[in-house]
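Keeping their order, the protein sequence lines are chains A and B.
Numbered by our numbering, the letters in the first sequence go through residues 1 to 259 in order.
Numbered by our numbering, the letters in the second sequence go through residues 1001 to 1014 in order.
For glycine and all other residues, C-beta sits at the position ideal for the given N, C-alpha and C.
All figures in this text were calculated on a predicted structure; none of them were measured in a lab.
Note sheet for the following structure.
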Amino acid sequence: MFEARLPQGDLLKKILEAVKDLVTDANFDCSSTGISLQAMDSSHVSLVSLLMRADGFDHFRCDRNISIGLNLLAMSKVVRCVGNNDAVTMKADDNGDLVTLMFESQDGSKVSDWQLRGLDIDSERLGIPSTDYSSVVTMPSAEFARICRDLSVIGDTVVITTTKEGVTFASKGELGTGKIALRQSAAIDDDADSPGVSIELQEPVSQSFALRYLSFFTKATPLAPTVTISMSNGVPLVVEYPVGDMGHIRFYLAPKVED
Amino acid sequence: KGSQTHLDSFFGRP
Chain A
1 MFEARLPQGD LLKKILEAVK DLVTDANFDC SSTGISLQAM DSSHVSLVSL
51 LMRADGFDHF RCDRNISIGL NLLAMSKVVR CVGNNDAVTM KADDNGDLVT
101 LMFESQDGSK VSDWQLRGLD IDSERLGIPS TDYSSVVTMP SAEFARICRD
151 LSVIGDTVVI TTTKEGVTFA SKGELGTGKI ALRQSAAIDD DADSPGVSIE
201 LQEPVSQSFA LRYLSFFTKA TPLAPTVTIS MSNGVPLVVE YPVGDMGHIR
251 FYLAPKVED
Chain B
1001 KGSQTHLDSF FGRP
């Protein structure tokens, strides 16, 4: 059997909000080390990769590896009922046909039980090569979300350029052009809620990406105050948000190239 | 504007 209890149920809620618009159905692959999920969007342009380590749960039991296939939209509707301080327990039988989600309020005064039908999803896992990225930008997640939203007014593609001085996001369209530059900056009083902008630069990068997908990724903003954007010329970028201190959610996006 | 590439061409099947 599989059973896992997550004291911070709102993490699961935020995860579902972050992926439900990008991926319809996905397998939660459960093993003794934790839960992982890997899924591409239907057009094979982006990929989401989630990791929740077993040690982040206050109870975790997985007798044998199982894949629990779920419709993420249906799951997100159920998980939206999780109260912010609720604990969530996920359970499944050994074949993953039926999945139970149980939400418990902090004082134990309310318990709700939900059952979802498991789906048989045929998905291949892609081998993601480990890459030493040329530029790694860490910045406030809310700022990244805002930049994606603001530049979408002008165009559908953003050129992200990193230099020693900072990072720029530029877009152009029929209406005109827009460019937002961020300089490296220190965090304000080491306040985790006001992170600065930092760039680890092996080599400058300039690469084009579809704003539509980046905007989907920013649905993960409530998960964490910071986001890390890793890039090398000519390969997919990675946008990573930590999931508490138990793992991460990574979004990969294939670049746009000159015709 | 450029053309969109796909992940299949970067990430191999294991």
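Closer than 9 angstroms, CB to CB, is I15 (chain A) near chain B or not? Under the 9 angstroms criterion on CB atoms, I15 (chain A) is classed as non-interfacial with respect to chain B.
If we ignore side chains and look at the alpha-carbon of each, how far apart do V227 (chain A) and E200 (chain A) end up? So the alpha carbons of these two residues sit roughly 14 angstroms apart.
Exposure label - V111 (chain A); buried when at least 16 CB within 10 Å: It counts as exposed.
Could you have a look at R149 (chain A) and say whether DSSP puts it in helix, strand or coil? In the three-state scheme derived from DSSP, where H, G and I count as helix and E and B as strand, R149 (chain A) is classed as helix.
Straight-line CA distance for F2 (chain A) to L119 (chain A)? So the two alpha carbons sit approximately 16 angstroms from each other.
By DSSP's criteria, Q1004 (chain B) is part of a beta bridge. Which residues make up the other side? Beta-bridge annotation (DSSP): Q1004 (chain B) is paired with A:K256.
Check whether the Cβ atoms of L16 (chain A) and M102 (chain A) lie closer than 9 angstroms to each other. Cβ distance not < 9 angstroms, so L16 (chain A) and M102 (chain A) don't count as in contact.
Taking the alpha-carbon of V88 (chain A) as reference, which of A:K13, A:T138, A:V158, A:C30 has the nearest alpha-carbon? For V88 (chain A), the nearest C-alpha among the options comes from A:K13.
As assigned by DSSP and simplified to three states, the class of R61 (chain A): R61 (chain A) falls in the strand class under three-state DSSP.
Compare the Cα-Cα distances from N27 (chain A) to each of A:Q8, A:L72, A:V45, A:R5 and report the closest residue. The shortest Cα separation from N27 (chain A) among A:Q8, A:L72, A:V45, A:R5 belongs to A:L72.
Let me check understanding here. Comparing Cα to Cα, which of A:E124, A:D93, A:R125, A:N85 lies closest to Q106 (chain A)? The shortest C-alpha separation from Q106 (chain A) is found at A:N85.
Between the beta-carbon of P255 (chain A) and the beta-carbon of V235 (chain A), is there less than 9 angstroms? Against a cut-off of 9 angstroms, the Cβ pair of V235 (chain A) and P255 (chain A) comes out as a contact.
Which word fits E203 (chain A), buried or exposed, when buried means at least 16 other C-beta atoms lie within 10 angstroms of its C-beta? By the neighbour-count criterion, in which a residue is buried when 16 or more other Cβ atoms sit within 10 angstroms of its Cβ, E203 (chain A) is exposed.
Evaluate the contact criterion for the stretch 47–66 of chain A versus the stretch 244–253 of chain A: three or more CB pairs, one atom per stretch, below 8 angstroms. With a cut-off of 8 angstroms, the stretch 244–253 of chain A and the stretch 47–66 of chain A count as touching, because enough Cβ pairs lie within range.
Strictly by DSSP, which residues pair up with C30 (chain A)? DSSP lists A:I35, A:I66 as partners of C30 (chain A).
Suppose the cutoff is 7 angstroms on Cβ atoms and the five residues either side in sequence are ignored; what does the same chain contact list for G9 (chain A) look like? Taken in chain order, the residues that qualify are V82, D86, A87, V88, F103.
Between which two residues does the alpha helix (DSSP H) holding F18 (chain A) run? What sits at residue 18 (chain A) in the sequence shown is Ala, not Phe. Bounds of the alpha helix (DSSP H) holding A18 (chain A) are 9–19.
Could you run through the stretch 138–160 of chain A and flag, in chain order, every residue whose CB is less than 7 angstroms away from some CB of chain B? Cβ contacts with chain B come from T157.
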